[in-house]
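Visitor:
Chains as they are written, first to last, in the working numbering: chain P, 332 to 666; chain F, 332 to 666.
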């Protein structure tokens, strides 16, 4: 913790010159603006959008990626833990899909290397979409319009699961949220955030929050222990990264979540136990940096965090192609 | 049945002149093109769109109108019967919301007079969204952006359920699907449908299907007994319009469903028991008009029915405003 605080104090000194005047070009802030996506295969992403909204990727025919990563709601379901097949309760809070391409790995414990690998997981998870890759591929191969669209893109006979997850990942790459007020400020518009928000940012840096929440996604680029200064109390059984590495020191170590659009992605933490930003900031201060913020300090940081809400993706509701007589039918109530 | 057949024969004679040449201006077809919506309060409809996609109208915070009337899927969930709160199985097939404004009444048994009255039902139904109007109004009144938006439209202090259902209904009025190939043909483009499809339409008229499935929605404008020529066999317990009128003759009488977009709104019938149009046409012929179509006849009618798929509404995915600290939280797993 001492090292982290020292780093932050240095960062604070470096950036304090910008107070009230917007950042100077010569001062490198520890948070970077989100860059617009440039290298996207539009045709593939458009197919991926359909698949993202496609309930036939689930056994029930009812749950799609968008059910738990709702693009109307900051890419989350705003539930503590998600509702899966047969109304099963998920084990962990669904992280936002917005800006997920900026994460160093996917899932809270980083068990998937990238978006493509992630996309295959919930489809087969019996507590989530409860399908199988075999079933999903059978379903898609029975739908003429999908067959045609995949063929056009991949020039390959028959749809394969690798193509499905690749398309979903390509769509997800487009789900970035640039142009938040904070990014406008970073880019030189000193009026984009107000004095309280700016002071919140300074405090966010000075107090050490920035040591984990930095970079373009304001997080997402490291794994950290939840409960550094004091243990984090939860009834949630997730053990974090130890499940991936097997190392004892990775117990309760999770991927640091992005703070982009944090105003929209409540409830907070891997257990989804906290409903408001005020509470979340209070708890993080205690358990991560061993500090009690005053009410005014808390309000400043919350005000700053709300400047991180970016432009939400503008998407047309996809029209999904109809099943054919050969399509395996959904099994919502089968045991 | 005799009366119906006679009517149809007359209709057929009247319209047979159009065979292969598109309808003449002097021949009035029993199906009318869908007209574009003209009188819509756009601001109200836009608010209604948000509410249509709003999972906070349900107890769980997971189910929205769009869950069962999915606008990516012909305004249906493509399930035999829907999945409701706590994964409860619904009692009846969810009818499409597309062109629902053209129905003479709402729900299969017509128990709601209009879209506004309908919209209030599923919110409070313990097997569907399982909320209450009081809860929903509390939730919406706790969300600053909704309060502002309702205030702007209704100029009234505090959101009321009547405003919520009015907004949803206004949005639903926009969900019409004009410009199907069949409508293009009706409007004079003789190349819009092919010979098989045209023959299917002629057979549809000659055989009596048109006696119930007519007008702009190709249905939706009368209540009819399911099982006229012979009883319709089903394990579904819905008794139909008798539940509304109490009259014995209304047993197994249902609102005739629209055939617009029927290619997209499988499975078919009030019990959702039939997956394909081929089967549906076969069964309807047997139980309603006491006829067995040949395979070729069946194929013609199915081909005609597929010309009724109209332009699906082009909608931008709405961005829903975040809850506040005062918002009652969803209760997905509460008993």
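Heads up, the beta-carbon is just placed ideally off N, CA and C, and yes, glycines get one too.
1. Counting only beta-carbon separations shorter than 9 Å, does residue 418 of chain P have a partner in chain F?
2. Kindly list, in the order they appear in chain P, the residues whose Cβ is closer than 9 Å to that of residue 594 of chain F.
3. Which partner residues of residue 443 of chain F appear in the DSSP bridge assignment?
4. Near residue 557 of chain F, what residues of its chain come up, given a Cβ to Cβ distance below 6 Å and the 5 sequence neighbours on each side ignored?
5. Tell me residue 428 of chain F's beta-bridge partners as DSSP assigns them.
6. Just by C-beta distance, which residues in the region 486-498 of chain P are closer than 9 Å to chain F?
7. What beta strand (DSSP E) runs, 3 residues minimum, are completely inside the region 566-591 of chain F?
8. In chain P, what lies closer than 7 Å to residue 663 of chain F by C-beta?
9. Please list, in chain order, the chain P residues whose beta carbon lies closer than 7 Å to that of residue 649 of chain F.
10. Please work out which residues of its chain come closer than 6 Å, Cβ to Cβ, to residue 621 of chain F, disregarding the five sequence neighbours upstream and downstream, and give them in chain order.
11. Can you tell me where the beta strand (DSSP E) with residue 556 of chain P in it begins and where it stops?
12. In the DSSP assignment, what are the bridge partners of residue 647 of chain F?
13. Relative to the alpha-carbon of residue 472 of chain P, which residue among P/390, P/566, P/489, P/380 has its alpha-carbon at the smallest distance?
14. With distances taken Cα to Cα, identify the nearest neighbour of residue 591 of chain P among P/424, P/393, P/431, P/461.
15. Name the chain F residues whose beta carbon is nearer than 8 Å to that of residue 565 of chain P?
16. Using CA atoms only, rank isn't needed, just tell me which of P/495, P/663, P/435, P/597 is closest to residue 452 of chain P.
17. Can you confirm whether residue 619 of chain P, when its beta carbon is compared against all beta carbons of chain F, has any partner nearer than 9 Å?
18. Between residue 543 of chain P and residue 587 of chain P, how many whole angstroms is the CB-CB distance? I'm expecting something under 8 Å.
19. Flag this pair as yes or no: are the beta carbons of residue 440 of chain F and residue 425 of chain F separated by less than 9 Å?
20. Whether or not the region 405-420 of chain P and the region 594-602 of chain P are in contact is what I'm after, with contact meaning three or more pairs of Cβ atoms, one per stretch, closer than 8 Å; do they touch?
21. Closer than 8 Å is the cut-off here; do at least three beta carbon pairs connect the region 498-511 of chain F with the region 632-647 of chain F?
22. Strictly by DSSP, which residues pair up with residue 414 of chain F?
23. Of the choices P/655, P/613, P/568, whose alpha-carbon is the least far from that of residue 474 of chain P?
24. Please classify residue 486 of chain F as buried or exposed, where buried requires at least 16 other C-beta atoms within 10 Å of its C-beta.
25. By the DSSP assignment, the alpha helix (DSSP H) with residue 544 of chain P in it spans what residues?
26. Give every residue of the same chain whose Cβ lies closer than 6 Å to the Cβ of residue 499 of chain F, excluding the five residues on either side of it in the sequence, and list them in chain order.
27. For the region 447-471 of chain F, which residues have a CB atom closer than 7 Å to at least one CB atom of chain P, in sequence order?
28. Near residue 422 of chain P, what residues of its chain come up, given a Cβ to Cβ distance below 8 Å and the 5 sequence neighbours on each side ignored?
29. Counting beta carbon pairs with one atom in the region 600-619 of chain P and one in the region 367-375 of chain P, are three or more of them shorter than 8 Å?
30. Cα separation between residue 633 of chain P and residue 555 of chain P?
31. State the Cα-Cα distance for the pair residue 455 of chain P and residue 578 of chain F, rounded to the nearest angstrom.
32. Provide the residue(s) that pair with residue 605 of chain F in DSSP beta bridges, ordered along the chain.
Guide: According to the data block:
1. yes
2. 653
3. F/437
4. 563, 583, 585
5. Answer is none; residue 428 of chain F lacks a bridge partner.
6. Against chain F - using a Cβ distance shorter than 9 Å - the region 486-498 of chain P contributes no residues.
7. 584-586
8. Ordered by position in chain P, the residues that pass the 7 Å Cβ test against residue 663 of chain F are 410, 414.
9. 403
10. In chain order, 560 place their CB closer than 6 Å to the CB of residue 621 of chain F, counting only its own chain and leaving out the 5 sequence neighbours on each side.
11. 554-556
12. P/647
13. P/489
14. P/431
15. Those within 8 Å of residue 565 of chain P in chain F number zero; the least Cβ separation is about 17 Å.
16. P/495
17. no
18. 5 Å
19. no
20. yes
21. yes
22. DSSP output for residue 414 of chain F lists F/420 as bridge partner(s).
23. With distances taken between Cα atoms, residue 474 of chain P lies closest to P/655.
24. exposed
25. It is not in any alpha helix (DSSP H) - residue 544 of chain P carries neither H nor E in the DSSP assignment.
26. 379, 382, 383, 450
27. none
28. So the qualifying residues of the chain are 412, 458, 567, 568, 569.
29. In short, these stretches do not touch, since the Cβ pair count stays below three.
30. Rounded to whole angstroms, residue 633 of chain P to residue 555 of chain P spans 22 Å at the Cα level.
31. 49 Å
32. F/599
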